[in-house]
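Read left to right, the sequence shown gives residues -24 to -1, 1 to 561 (mature numbering (1 follows the signal peptide of the UniProt record, and there is no 0)).
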Amino acid sequence: MQKSAPYLVTCLLGLTLVTLPGCAVFSGTPEPADEVTGTNTPAATPPATPINYAEFEPEVLYQLLSAEVAGQRGRYDVTLVNYLQAAKTSRDTGVIERAMRIAQSLNADNAQQQLATLWLDVDPDNLEAHRISAIQAVKRQKLENALFHMEQIMDQGEDADFDSLAAMAAGLPPAQQQELLALYSQLAVKHPDNPELQYSIALLQKITGTPTVALRQINQLLEQEPNFQPAIILKGDLLYQTGQKREALNYLTTNTRRFPANRQMGTLYGRMLINEGELQAAQDEFERLVKRYPDTPGLRLSHALVALENQQPALAREELIRLIEQGHHEDEASYYLGRIEEDAGNTDQAIEYYQSVQRGNYFFPSLARASELQAQAGELDQAIAHIQNLRERAPDHAEKFWLLEVNLLIDQERNEQALAAADAALERYPNNVELRYARAMLQDTMGEPAGAEQDLKTILELQPENAVALNALGYILTVRTDRLDEARGYIEKALALDPENPAILDSMGWILFRQGETNQALDFLARAWEAYPDPEVAAHYGEVLWVTGNEEQARIIWEEGLDQNPDHEILRETIDRLTSDGADQ
């Protein structure tokens, strides 16, 4: 049989033994498409590890050549198919490994499973093939098979990654989580001195919803292995989860000093401090971590955001700019830089930062803020045109763009234009609850409560337990109609679904007042005011206080509401109606 020229295969597969003009290779990682704009963003790829290949028969060489050409043309699916076939035909470990890298970069689980099986057939003791087989078995919920591969790794004296597979259980159905916990417990009987296995059992107990049991398990492990750092981290997490928050903070304070190089432990401690409102201590912790790990972008981002919460915008700006310069967390950093410049009154700079966000979770919040600032600067039409242009370019996200346009027009009191936009959007997307709710509130504002009622009832047909829509419908019926019993029914159902929501508490107080149950009304309105001291709540609470003879207290509540918004229409109307000196409030 004719053998292929080794130098040609070397060129095709990206090795550097021989360099030929015009030789291009598949990088191993496709450039992901921007989920909003549809543009491609270069993806970072690790340096290629040299792989040794055998000489190949023409059929295999043709498959490899086809794979690389397809990769250069962006047809990564074709690349993978050809590499998979080449691996099966050649059974060459170098080709198998290369194909596996491509399958992993494309998250192609089926191909990974086939390649891992082939790899183990060629090389039964290959650790990486066993690891991948274990991962794929967990994904397919073949848990006993996963443990078989893990034991094979452990029998070779290597780390079986029990903890990594246990962590994957968070994505499994509850029954499979319990099955995996039982299998781990059986394995622990066979290997009682394996701390990683004991730790993994505690992790699974946490995942399956028994943190107290997990805490007992981890305490037993730490009695035997007091310096086992993953267990220390998990104990801190479990203490916090079981409500022992001060104990958790004290425990991690001690252990982050014992193990200052443990980044995961320090990060957990810093986040707990944030959750408990100890922001300066959190900033100090992230500053310590950044100094130790200056090339870890996530730590720098956390440091910046805590500094921003601590009213230190200069420090936050410095850290965020550095992230952008280094090419990390660029969209998130740009969003927060936009906020910093907006707060500083630098509108043009804020818009520039917001508009530089091109993808991800911060794209729409950034576009909303940029559009609002443009509108405030007298460029509403330009902002709307930009949103419409983006909608045409990214039709998969059209509903979000429509909602953004409608809300922007509402905020700018372009009610007729907003209603036309909402009508057009709902013509295309009649089941979009957010758009329909926005139109309902707009119609109520424009004096069309019947239209608002119809939209809210349509939402409730789609989502019968939507507490926000139930409350809105009940409140509109309370203030616009005499159908008080019907209104109360909607509000009571909303309250049952969300009993601490201040808007619902306010509605409940107001319907009770309308129905003459004044004392109960005061209770609900007081709770609403305490939770959310809004001018409209002030109007309602103050009125009920006033009519029950508590005029001085009513004036105090009204004054606090006016401090927030001196021109609030409902509050002003209430004061003017009930007092002779409303203009002096």
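The C-beta atom is built at its ideal place from N, Cα and C for all residues, glycine as well. What you are looking at is a predicted structure, and each value in this text was computed from that prediction instead of being measured.
Residue i, DSSP secondary structure in three states
i    : result
P542 : coil
H167 : coil
Q364 : helix
E462 : helix
L148 : coil
N121 : helix
S42  : helix
N322 : coil
Y338 : coil
E201 : coil
T186 : coil
D271 : coil
N102 : coil
P475 : coil
G450 : helix
P34  : helix
A353 : coil
R531 : helix
Q128 : helix
S176 : helix
R456 : helix
P440 : coil
I551 : helix
Spatial distance of residue i from residue j (CA atoms)
i           : j    : result
E134        : R247 : 33 Å
F138        : E318 : 48 Å
L157        : Q200 : 21 Å
Q152        : I316 : 47 Å
D482        : Y413 : 19 Å
Q419        : L385 : 13 Å
L449        : V455 : 10 Å
D131        : A110 : 15 Å
residue 563 : P206 : Missing from the structure shown is residue 563; the chain here goes from -24 to 561 and no further.
L366        : A479 : 34 Å
L191        : A470 : 38 Å
T(-9)       : R74  : Since pLDDT at T(-9) reaches only 27, below the 50 mark, its modelled position is unreliable, and no value is offered.
L436        : M417 : 15 Å
Close beta carbons around residue i, own chain, < 7 Å, minus the five adjacent residues each side
i    : result
V114 : A122, L141 and M144
W534 : A514, G518, L547, I551 and Q561
I129 : L103, H106, R107 and A136
D53  : none
A224 : G212, L215, Y216 and M248
I452 : D420, P425, A428 and E429
Local Cβ density within 10 Å of residue i, reported as buried at 16 or more and exposed below that
i      : result
K211   : buried
E261   : buried
K(-22) : In this prediction, K(-22) has a pLDDT of 35, which is less than 50 and means its spatial position is unreliable; what the coordinates show is noted afterwards. So K(-22) counts as exposed.
Q196   : exposed
G147   : exposed
N408   : buried
S66    : buried
N447   : buried
L40    : buried
S161   : exposed
G47    : buried
T457   : exposed
V333   : buried
P187   : buried
Residue i CB to nearest heavy atom of the ligand FAD below 7 Å
i    : result
L173 : The ligand FAD is absent from the structure shown, which contains no ligands of any kind.
Same chain only: Cβ atoms within 8 Å of residue i, ignoring 5 sequence neighbours per side
i           : result
V282        : G246, I250, L255, A258, Q259 and F262
residue 618 : One cannot answer for residue 618 here, as it falls past the ends of the chain, which runs -24 to 561.
A344        : L380, N383 and L384
L119        : A113, Q152, E155, L156 and L159
Extent of the continuous alpha helix (DSSP H) to which residue i belongs
i    : result
L244 : R239 to N251
S310 : E306 to D319
R293 : P289 to E301
A397 : N391 to R404
I517 : The amino acid occupying residue 517 in the given sequence is Tyr; Ile does not appear at that position. Note, Y517: alpha helix (DSSP H), P511 to V523.
N226 : K221 to R234
R490 : P478 to R490
F500 : T494 to A507
M422 : Run containing M422: none; DSSP gives neither H nor E here.
H373 : Premise fails: H373 is in no alpha helix (DSSP H) and is neither H nor E.
A84  : First-last for A84: undefined, no H or E at that position.
Q61  : Y52 to S66
Cβ-based neighbour list, residue i, same chain, cut-off 6 Å, excluding 5 preceding and 5 following
i           : result
N541        : P511
residue 562 : Any question about residue 562 goes unanswered here, given that the chain covers just -24 to 561.
F489        : A497 and V520
CB contact below 8 Å: residue i versus chain D
i   : result
R67 : Protein chain content of the structure displayed is limited to a single chain, and chain D is not contained in it.
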